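Colleague: Oh and the sequence shown: position 77 is 319 in this note's numbering, straight run, nothing missing.
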Amino acid sequence: MVFRHENNGITFFALLYFAVAIAEVVCELFAYKPLIYILKPLMPFLLMLLYFLTSSKRSPFFFVVMSLSLVTNILFIPDSQTMLFYGLLVFLVHRILIIVYIVRQIKMRDYVPVAIATVPFLLVYFYLFLITDGIPENSFAVLIAQNILISILCGISFSYYMMQDNKRNSWLLLCGIFFGALHFIVFVEKFYLMGFSPAIFRPIAMGLNAFAFYTFYEFVMATEKSNSNGTAEA
243 MVFRHENNGI TFFALLYFAV AIAEVVCELF AYKPLIYILK PLMPFLLMLL
293 YFLTSSKRSP FFFVVMSLSL VTNILFIPDS QTMLFYGLLV FLVHRILIIV
343 YIVRQIKMRD YVPVAIATVP FLLVYFYLFL ITDGIPENSF AVLIAQNILI
393 SILCGISFSY YMMQDNKRNS WLLLCGIFFG ALHFIVFVEK FYLMGFSPAI
443 FRPIAMGLNA FAFYTFYEFV MATEKSNSNG TAEA
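1) Could you tell me how far apart the beta carbons of Leu295 and Ile252 are, in whole angstroms, since I believe they sit closer than 8 Å?
2) For Arg346, does the count of other Cβ atoms within 10 angstroms reach 16, so buried, or fall short, so exposed?
3) In angstroms, rounded to a whole number, what distance separates the CA positions of Ala256 and Gly418?
4) Decide if Phe272 is buried, meaning its Cβ has at least 16 other Cβ atoms within 10 Å, or exposed.
5) Compare the beta carbon distance of Gly397 and Val356 with 7 Å and say whether it is the shorter of the two.
6) CA-CA distance, Leu436 and Pro378?
7) So, are the CB atoms of Pro283 and Leu312 less than 7 Å apart?
8) Rounded to whole angstroms, what's the CA-CA distance from Leu365 to Phe453? Just pull it up for me.
9) When burial is assigned at 16 or more other CB atoms within 10 Å of the CB, is Arg351 buried or exposed?
10) Would DSSP call Ala476 helix, strand or coil?
11) By how many angstroms is the C-alpha of Leu288 removed from the C-alpha of Lys467?
12) What number of angstroms, rounded off, separates the C-alpha of Ile442 from the C-alpha of Asn451?
13) Cα separation between Ala476 and Ser298?
14) Measure the C-alpha to C-alpha separation of Ile394 and Phe304 and round it to an integer number of angstroms.
15) Throw me the rounded Cβ distance for the Tyr328 and Tyr456 pair, which I believe falls under 8 Å.
16) Within a Cβ cutoff of 7 Å, which residues of the same chain sit near Gln323, ignoring the five residues on either side of it in sequence?
17) Using three-state DSSP, classify Arg246 as helix, strand or coil.
18) For Phe333, which residues of its own chain have a beta-carbon under 6 Å away from its beta-carbon, when the five flanking residues on both sides are left out?
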């Protein structure tokens, strides 16, 4: 079970995280900015608190990744091309670090399956990129890098799940699916349908964001547990 922890306090914070996520989705639906500015950065903060309470390792890398997520969440709130550009830059660094963190966690040595699994995602994301008009020139390089990085992340998650179906890789697969879907939705909202995207896109993106980072947290915890036991958990 997702919320099954031995400590009731930990269970409380896990439930609180999803309560905040639901409230944030509702606020996004009604575009209520005052609460969005509070709830959106609160979500990564709660995950950092949850990780601090549950992990015996307490890797500084995790806190850096989640802190960048917090900053990105704030920068993506305003409807401003300037803030969006800065948000994309911070998110680019965040995406690089999250991939490095995952690679370190799984101790990746065989890159061929990952490269093969990455190709279909590259085709999808770059097709969407090429058919999109009106992308700001200063965002071209950042978006190309984002497409490559999210494709690599999805390639890692799918290839490792196909090679070994265990608890750790199941969480990694879910993490890859949610991050991949989030990238697709955000790109469509911010660029492909820029100026006339449906209002429902923001709540969907926020819901995907909440699940993506929670599954990332669960992946990290499952990996730390399997590493401490000396074997991958089946």
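We put the CB at the ideal spot given by N, CA and C, even for glycine. Here the structure is a predicted model, which means the values were calculated and not measured.
Modeller: Concretely, from the data shown:
1) 5 Å
2) exposed
3) 21 Å
4) exposed
5) With a cutoff of 7 Å on beta-carbon distance, Gly397 and Val356 are scored as near each other.
6) Leu is not the amino acid found at residue 436; the sequence shown has Met there. Answer to the nearest angstrom: the Cα atoms are 11 Å apart.
7) yes
8) 25 Å
9) The residue in question, Arg351, is exposed, as its Cβ has fewer than 16 Cβ neighbours within 10 Å.
10) Its pLDDT being 38, under 50, Ala476 is placed unreliably in this model, and the value from its coordinates should be taken loosely. Of the three classes helix, strand and coil, the one that applies to Ala476 here is coil, per DSSP.
11) 21 Å
12) Ile442 and Asn451 have their C-alpha atoms roughly 14 Å apart.
13) Legend: pLDDT at Ala476 = 38, less than 50; position of this residue unreliable, value from coordinates given subsequently. Spanning the two alpha carbons is a distance of roughly 21 Å.
14) 19 Å
15) No, Tyr328 and Tyr456 are not in contact; Cβ-Cβ is about 26 Å, not under 8 Å.
16) Pro378
17) Its pLDDT being 47, under 50, Arg246 is placed unreliably by the model, and the measurement read from it follows with that caveat. Three-state result, Arg246: coil.
18) For Phe333, where only same-chain residues beyond five positions count, the Cβ hits under 6 Å are Thr314.
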